[in-house]
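From first to last, the protein sequence lines stand for chains A and B.
Here my numbering is used: the first residue of the first sequence is 16, the next is one more, and so on.
Here my numbering is used: the first residue of the second sequence is 16, the next is one more, and so on.
Think of the CB as a built atom: it goes at the ideal place given N, C-alpha and C, for glycine as much as any other residue.
This one's a predicted model, so the numbers in the text were calculated from it and none came from an experiment.
A short write-up of the structure that comes next.
There are 2 protein chains.
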Amino acid sequence: MKEVAIGIDIGGTYSKLGIVDRDGNCLTESSISTRDHKEFDNFLESIFKEIEHIKSPLKDLIDVKGIGIGAPNANYFSGNIEDAPNLNWKGVVPIVKKFKKHYNLPTYLTNDANAAAIGEKIYGAAKDFDDFIVITLGTGLGSGFYANGSLIYGFNGFAGELGHIIVERKGRMGTAGLRGTLESYVSATGMKRTIFQLMADSLEESPLREIPYIHMTSKKIYEAAMKGDKLALEAFELTGRYLGEALAIAVSHTNPKAIFLFGGLAKAGDLIINPTRKYMEKNLLEIYKNKVDILLSGLSDTNAAVLGSSALVWSEGN
Amino acid sequence: MKEVAIGIDIGGTYSKLGIVDRDGNCLTESSISTRDHKEFDNFLESIFKEIEHIKSPLKDLIDVKGIGIGAPNANYFSGNIEDAPNLNWKGVVPIVKKFKKHYNLPTYLTNDANAAAIGEKIYGAAKDFDDFIVITLGTGLGSGFYANGSLIYGFNGFAGELGHIIVERKGRMGTAGLRGTLESYVSATGMKRTIFQLMADSLEESPLREIPYIHMTSKKIYEAAMKGDKLALEAFELTGRYLGEALAIAVSHTNPKAIFLFGGLAKAGDLIINPTRKYMEKNLLEIYKNKVDILLSGLSDTNAAVLGSSALVWSEGN
Numbered sequence: 016m017k018e019v020a021i022g023i024d025i026g027g028t029y030s031k032l033g034i035v036d037r038d039g040n041c042l043t044e045s046s047i048s049t050r051d052h053k054e055f056d057n058f059l060e061s062i063f064k065e066i067e068h069i070k071s072p073l074k075d076l077i078d079v080k081g082i083g084i085g086a087p088n089a090n091y092f093s094g095n096i097e098d099a100p101n102l103n104w105k106g107v108v109p110i111v112k113k114f115k116k117h118y119n120l121p122t123y124l125t126n127d128a129n130a131a132a133i134g135e136k137i138y139g140a141a142k143d144f145d146d147f148i149v150i151t152l153g154t155g156l157g158s159g160f161y162a163n164g165s166l167i168y169g170f171n172g173f174a175g176e177l178g179h180i181i182v183e184r185k186g187r188m189g190t191a192g193l194r195g196t197l198e199s200y201v202s203a204t205g206m207k208r209t210i211f212q213l214m215a216d217s218l219e220e221s222p223l224r225e226i227p228y229i230h231m232t233s234k235k236i237y238e239a240a241m242k243g244d245k246l247a248l249e250a251f252e253l254t255g256r257y258l259g260e261a262l263a264i265a266v267s268h269t270n271p272k273a274i275f276l277f278g279g280l281a282k283a284g285d286l287i288i289n290p291t292r293k294y295m296e297k298n299l300l301e302i303y304k305n306k307v308d309i310l311l312s313g314l315s316d317t318n319a320a321v322l323g324s325s326a327l328v329w330s331e332g333n
Numbered sequence: 016m017k018e019v020a021i022g023i024d025i026g027g028t029y030s031k032l033g034i035v036d037r038d039g040n041c042l043t044e045s046s047i048s049t050r051d052h053k054e055f056d057n058f059l060e061s062i063f064k065e066i067e068h069i070k071s072p073l074k075d076l077i078d079v080k081g082i083g084i085g086a087p088n089a090n091y092f093s094g095n096i097e098d099a100p101n102l103n104w105k106g107v108v109p110i111v112k113k114f115k116k117h118y119n120l121p122t123y124l125t126n127d128a129n130a131a132a133i134g135e136k137i138y139g140a141a142k143d144f145d146d147f148i149v150i151t152l153g154t155g156l157g158s159g160f161y162a163n164g165s166l167i168y169g170f171n172g173f174a175g176e177l178g179h180i181i182v183e184r185k186g187r188m189g190t191a192g193l194r195g196t197l198e199s200y201v202s203a204t205g206m207k208r209t210i211f212q213l214m215a216d217s218l219e220e221s222p223l224r225e226i227p228y229i230h231m232t233s234k235k236i237y238e239a240a241m242k243g244d245k246l247a248l249e250a251f252e253l254t255g256r257y258l259g260e261a262l263a264i265a266v267s268h269t270n271p272k273a274i275f276l277f278g279g280l281a282k283a284g285d286l287i288i289n290p291t292r293k294y295m296e297k298n299l300l301e302i303y304k305n306k307v308d309i310l311l312s313g314l315s316d317t318n319a320a321v322l323g324s325s326a327l328v329w330s331e332g333n
């Protein structure tokens with residue numbers, strides 16, 4: 016019998032799930048729609064059914080040690096999802112309690128960025144690191160901090176909200192009502208806003224001028240940049256500057272050995288890493304210079320979110 | 016026999032030492048000049064002599080469990096003071112090794128802001144807190160972070176250098192060659208620079224205009240503010256704004272229960288705490304609002320630095 020954990024990643028559109036062994040091998044994977052379940056109880060019913068569905072061919076081979084769940088606005092301490100703006104289920108959703116009642120298995124909840132950090136520690140490139148940061152670059156910007164070998168949860172379970180620090184006074188309006196937040200510049204959405212700002216500021220020609228706002232994506236900006244489009248390259252430079260300056264601040268807080276970039280935007284590789292590193296180094300105190308690596312996540316891309324969630328089970332000592 | 020720790024706080028001008036019990040009672044205290052000892056070995060000789068001097072009347076009553084040392088540019092991991100700009104002793108000073116050789120007692124070294132945080136945890140107002148921050152406001156600005164009940168040291172032992180984060184692009188030159196650092200605004204020196212900036216910007220009359228730069232102190236600004244001097248009050252408002260904005264960023268990193276202000280400037284009480292709290296709250300994400308206390312240090316002022324250093328001995332499990 017192989018010891019495994021069930022990992023579940025709840026996103027605004029889809030929820031992914033998988034069965035993962037201690038070495039980070041994902042034995043089987045699936046997904047269900049999140050958005051189509053207006054009621055949380057219906058969602059639960061569907062996800063329980065899907066878990067049984069993927070478990071059943073393996074049932075004589077595996078010993079399930081626990082369940083790890085990553086979700087937006089997740090609170091590790093309470094086990095609740097609280098007022099998640101991107102989910103249908105309003106108010107406080109006691110997801111851990113419901114899972115424990117159904118399965119009688121150790122069940123843990125954390126937000127997606129913390130899950131990514133735990134995944135990096137348990138299966139990924141941070142196995143031997145006690146002090147590191149994971150930055151998730153998706154629709155928004157999330158972060159998870161390890162210090163002294165442990166994830167920092169904070170007093171209310173809300174540590175690591177780097178996406179909402181203010182990096183530009185009187186800057187862009189952010190999703191949570193604060194202006195000039197890091198996330199409003201450094202994320203897929205932020206890049207899209209940046210390319211429109213640059214098109215307004217400059218007279219430089221670009222094929223991106225043919226794309227309306229609602230159809231612009233960071234992938235299209237990436238593809239233009241790879242073809243040498245000046246505006247697209249400038250958008251990556253600006254995004255890297257904001258991220259690098261913010262990481263210099265983060266380094267002054269916890270002095271990590273490395274910072275891992277995770278998620279869609281990170282796939283741009285050197286286009287995002289090079290300016291990020293340049294501006295981080297420029298803003299670092301001498302004692303930190305050339306000592307902090309900026310790396311890509313060591314988790315395989317296709318099921319990274321499920322891996323991260325499943326890792327919670329092992330990190331809790333099961 | 017009472018179990019005690021020896022606490023030593025090495026400053027640029029003086030070094031203070033004391034004998035402290037587990038409850039934080041300082042049984043005896045003394046100090047020697049740091050600056051007059053051009054050579055580190057002479058300093059050692061003097062401090063060993065002074066330790067014997069204060070120990071001798073208590074020698075039948077106490078059992079010394081260890082020695083804790085707080086110093087600028089101290090590295091907890093190496094036990095060395097490294098390239099401290101404000102000390103006579105250049106390069107790498109292996110202070111822990113020298114103490115262990117002389118006394119054969121557990122000996123620990125950390126920087127003064129970390130020592131203040133450990134003191135707050137062991138004897139002060141943070142006894143029951145696992146997640147908090149201490150900000151030391153002296154000539155410069157230091158910080159110590161607790162998360163999950165442990166001090167964050169970081170990979171190289173240099174976590175918590177909040178004084179050197181950049182809060183104003185193209186701002187004032189800071190001591191470490193970076194422009195616009197928090198410390199260049201929020202510290203005794205920073206306030207002095209601020210009052211001169213305000214005197215240049217404004218035509219408001221003030222008795223502070225009679226004082227030359229070299230004789231200006233944050234205490235004189237405090238006294239003027241207490242008499243209602245508009246420029247002095249504006250200096251506190253501006254200082255509190257920079258500190259509050261920076262603390263909003265710090266909260267987004269580690270989500271502390273409380274932030275303690277420690278040191279000379281903190282004595283200004285509400286004059287500094289009120290604007291700091293106002294601007295911190297204004298810049299916090301909703302989930303943190305009205306949840307983080309800004310408090311004055313619970314360590315007695317006269318020997319707080321010695322208490323902090325001695326607390327290292329207990330926090331290491333002796």
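Item to check | Cα-Cα separation, SER158(B) to CYS41(A) | outcome: Taking the straight line joining both Cα atoms gives about 42 Å.
Checklist entry - Which word fits ASN90(A), buried or exposed, when buried means at least 16 other C-beta atoms lie within 10 angstroms of its C-beta? => result By the 10 Å Cβ count, ASN90(A) comes out buried.
Checklist entry - If we count Cβ pairs, one from each stretch, closer than 8 Å, do we get three or more for the stretch 101-110 of chain B versus the stretch 141-148 of chain B? => result No: fewer than three Cβ pairs fall under 8 Å.
Checklist entry - Does the beta carbon of GLY192(B) sit closer than 9 Å to a beta carbon anywhere in chain A? => result Yes, GLY192(B) counts as interfacial toward chain A.
Checklist entry - Which stretch, first to last residue, makes up the alpha helix (DSSP H) that contains ASN129(B)? => result For ASN129(B), the uninterrupted alpha helix (DSSP H) segment begins and ends at 127-137.
Checklist entry - When DSSP labels each residue in this structure, what does GLY178(A) get in the three-state scheme? => result Correct three-state label for GLY178(A): helix.
Checklist entry - What residues in the stretch 97-123 of chain A have a beta carbon less than 8 Å from any beta carbon of chain B? => result Interface annotation for the stretch 97-123 of chain A against chain B: empty, criterion Cβ-Cβ distance under 8 Å.
Checklist entry - Taking three-plus beta-carbon pairs below 8 Å as touching, is the stretch 303-311 of chain A in contact with the stretch 60-73 of chain A? => result Judged by Cβ distances under 8 Å, the stretch 303-311 of chain A makes no contact with the stretch 60-73 of chain A, as fewer than three pairs qualify.
Next on the checklist: Less than 9 Å between the beta carbons of HIS268(A) and THR269(B), yes or no?
Outcome noted: Taking a C-beta distance under 9 Å as the contact criterion, HIS268(A) and THR269(B) qualify as a contact pair.
Item to check | Straight-line gap, ALA261(B) to VAL182(B) (C-alpha atoms, nearest Å) | outcome: Each residue's alpha carbon lies about 7 Å from the other.
Item to check | Residue environment, LYS136(B), which counts as buried when at least 16 other CB atoms sit within 10 Å | outcome: Flag for LYS136(B) reads buried.
Checklist entry - When the Cα atoms are used, what is the spatial distance from THR43(A) to LEU73(A)? => result Between THR43(A) and LEU73(A), the C-alpha separation is close to 9 Å.
Checklist entry - Does any CB atom of chain A fall closer than 9 Å to the CB of ALA265(B)? => result Yes - at least one Cβ of chain A is within 9 Å of the one on ALA265(B).
Item to check | Contacts around MET214(B), its chain only, beta-carbon distance under 8 Å, and the 5 residues preceding and following it disregarded | outcome: In its chain, beyond the 5 residues on either side, SER221, LEU223, ARG224 and LEU246 have a beta carbon closer than 8 Å to the beta carbon of MET214(B).
Checklist entry - Between ALA130(B) and chain A, is there a C-beta pair that is closer than 9 Å? => result Residue contact with chain A for ALA130(B): absent (no Cβ-Cβ distance below 9 Å to any residue of chain A).
Checklist entry - Looking at chain B, which residues of the stretch 144-157 of chain A have a Cβ within less than 7 Å of any of its Cβ atoms? => result So the close ones are ASP146.
Item to check | Test: ASN305(B) CB closer than 9 Å to a CB of chain A | outcome: Judged by the 9 Å Cβ criterion, ASN305(B) is not in contact with chain A.
Next on the checklist: Looking at the secondary structure, which residues open and close the alpha helix (DSSP H) in which ILE226(B) lies?
Outcome noted: From DSSP, ILE226(B) is part of no alpha helix (DSSP H); its letter is neither H nor E.
Checklist entry - From THR122(B) to ALA326(B), what distance separates their C-alpha atoms? => result When rounded, the separation of the alpha-carbon atoms in THR122(B) and ALA326(B) is 12 Å.
Checklist entry - In or out: PHE173(A) buried (at least 16 other Cβ within 10 Å) or exposed? => result The residue in question, PHE173(A), is buried, as its Cβ has 16 or more Cβ neighbours within 10 Å.
Checklist entry - Along the stretch 166-179 of chain A, what residues have a CB closer than 9 Å to any CB found in chain B? => result Along the stretch 166-179 of chain A, going in chain order, the ones with a CB nearer than 9 Å to a CB of chain B are LEU166, ILE167, TYR168, GLY169, PHE170, ASN171, GLY172, PHE173, ALA174, GLY175, GLU176, LEU177, GLY178 and HIS179.
Checklist entry - Would you report the Cα separation of THR254(A) and ASP98(B), rounded to the nearest angstrom? => result When only Cα atoms are considered, THR254(A) and ASP98(B) end up about 35 Å apart.
Item to check | Near the ligand ZN: ALA174(A) beta-carbon under 8 Å from a heavy atom | outcome: Inclusion of the ligand ZN in the displayed structure is not the case, the ligand content being empty and no account of it being possible.
Checklist entry - Residues of chain B with CB under 9 Å from ILE274(A), in chain order? => result When 9 Å is used as the limit between beta carbons, ILE274(A) is near no residue of chain B, the shortest such separation being about 11 Å.
Item to check | Exposure of GLY284(A), with buried meaning 16 or more beta-carbon neighbours within 10 Å | outcome: Looking at its Cβ environment, which holds fewer than 16 other Cβ atoms inside 10 Å, GLY284(A) is exposed.
Next on the checklist: By alpha-carbon positions, which one of ALA20(A), LEU300(A) and LEU197(A) ends up nearest to LEU156(A)?
Outcome noted: For LEU156(A), the nearest C-alpha among the options comes from LEU197(A).
Next on the checklist: Counting only C-beta atoms, is PRO271(A) closer than 9 Å to chain B at any point?
Outcome noted: PRO271(A) counts as touching chain B.
Checklist entry - Helix, strand or coil: how does DSSP classify ASP285(A) here? => result Note: ASP285(A) maps to helix in three-state DSSP.
Checklist entry - Along the chain, where does the alpha helix (DSSP H) that runs through TYR237(A) open and close? => result Per DSSP, TYR237(A) belongs to the alpha helix (DSSP H) from 233-241.
Item to check | Same chain only: Cβ atoms within 6 Å of TYR303(A), ignoring 5 sequence neighbours per side | outcome: For TYR303(A), where only same-chain residues beyond five positions count, the Cβ hits under 6 Å are VAL266.
Checklist entry - Just by C-beta distance, which residues in the stretch 298-330 of chain B are closer than 9 Å to chain A? => result Shown in chain order are the members of the stretch 298-330 of chain B whose Cβ falls below 9 Å from a Cβ of chain A: ASN298, LEU299, LEU300, GLU301, ILE302, TYR303, LYS306 and VAL307.
Item to check | Environment of GLY81(A) [buried if 16+ CB atoms lie within 10 Å] | outcome: GLY81(A) is buried by the Cβ-count criterion.
Next on the checklist: Classify PHE275(A): buried if its beta carbon has 16 or more other beta carbons within 10 angstroms, exposed otherwise.
Outcome noted: Counting the other CB atoms within 10 Å of its CB gives PHE275(A) a total of 16 or more, which places it among the buried residues.
Next on the checklist: Helix, strand or coil for ARG37(A)? Go by DSSP, reduced to three states.
Outcome noted: Here ARG37(A) sits in coil by DSSP.
Next on the checklist: Using a 10 Å radius around the Cβ and a threshold of 16 neighbouring Cβ atoms, would you call PRO271(B) buried or exposed?
Outcome noted: By the 16-neighbour rule on beta-carbons within 10 angstroms, PRO271(B) is buried.
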